[in-house]
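J.:
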Amino acid sequence: MKNTKIIPHIYGYAVCLTAIIVFLISISQIIFAVINLSDPLHSGWQSNDSPSLASFENYKTDILNSCKNKSDLSDKYIPDDATLRKMYTAAVNNKISYENHRNTSDLLVGIILIIISIFLFIYHWKWMKKISKK
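The opening position of the sequence shown corresponds to residue 3 in this note's numbering, with each subsequent residue numbered one higher.
1. Following the continuous alpha helix (DSSP H) through Gly112, name the residue where it begins and the one where it ends.
2. Please tell me whether Leu55 and Leu43 are closer than 9 angstroms, where the distance is taken between their beta carbons.
3. So, under 8 angstroms CB-CB, Pro53 and Ile65 are touching, yes? Tell me the CB distance rounded to an integer number of Å.
4. How is Ile23 classed by DSSP in three states: helix, strand or coil?
5. When you compare the CB positions of Val17 and Leu122, do they come within less than 9 angstroms of one another, or not?
6. Can the beta-carbon of Ala108 be found less than 9 angstroms from the beta-carbon of Ala35?
7. Applying the criterion that 16 or more other CB atoms from any shown protein chain within 10 Å of the CB defines a buried residue, is Ser57 buried or exposed?
8. Please work out which residues of its chain come closer than 6 angstroms, Cβ to Cβ, to Ser28, disregarding the five sequence neighbours upstream and downstream, and give them in chain order.
9. Rounded to the nearest angstrom, how far is the Cβ of Met62 from that of Leu26, given a contact under 8 angstroms?
10. Between the Cα of Ile124 and those of Ile9, Ala21 and Thr6, spot the shortest distance and give me the residue it belongs to.
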């Protein structure tokens with residue numbers, strides 16, 4: 003009779019432990035998402051090949067250097083400052099939009115996982131108390 007109670011308890015404790023781990027990981031995910039939402043331009047990952055978005059001057063330098071590195075300058079179109087400014091503004095807006103979307107979805111997923119983990123923990127904890135009394 004005692005053996006039949008061990009397996010449900012192991013299952014219940016395993017689910018509760020998993021719920022606690024998911025809860026803690028989701029809390030950190032939410033914290034990172036909130037921090038990144040406050041400054042989306044500097045959040046996320048940027049490859050070394052993409053131009054810097056720190057300032058227009060950095061962006062311009064990176065674009066002009068990439069034009070020089072590809073081939074002879076006589077055959078290449080080199081954009082003027084007005085075009086470069088439009089390109090920079092579009093790149094910054096794209097980066098901000100992308101990071102806002104990504105961080106908002108991370109925030110939402112984290113909140114949903116916290117709700118699910120709390121529900122699973124409470125349900126299984128009460129269930130284990132109930133089977134312990136039998």
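Glycine residues also receive a C-beta, built at the ideal position from the N, C-alpha and C atoms.
T.: Answer, in terms of the structure:
1. Asp83 to Lys135 is the span of the alpha helix (DSSP H), which, as asked, contains Gly112.
2. For Leu55 and Leu43, yes; Cβs fall inside 9 angstroms.
3. Between Pro53 and Ile65 a beta carbon distance of about 6 angstroms is seen, short of the 8 angstroms cut, so the two are scored as contacting.
4. In the three-state reduction of the DSSP assignment, Ile23 falls in the helix class, which pools H, G and I.
5. Against a cut-off of 9 angstroms, the Cβ pair of Leu122 and Val17 comes out as a contact.
6. This sequence places Asp at residue 108; Ala is not what is there. In contact: Asp108 and Ala35 (Cβ atoms closer than 9 angstroms).
7. Its Cβ having fewer than 16 others within 10 Å, Ser57 is exposed.
8. Within the same chain, Ser28 has close Cβ partners Gly112, Leu115 and Ile116.
9. Before going on, a small fix: residue 62 reads as Lys here, not Met. The beta-carbon separation of Lys62 and Leu26, rounded to 44 angstroms, does not stay under the 8 angstroms limit for a contact.
10. Of the listed residues, the one whose Cα sits closest to Ile124 is Ala21.
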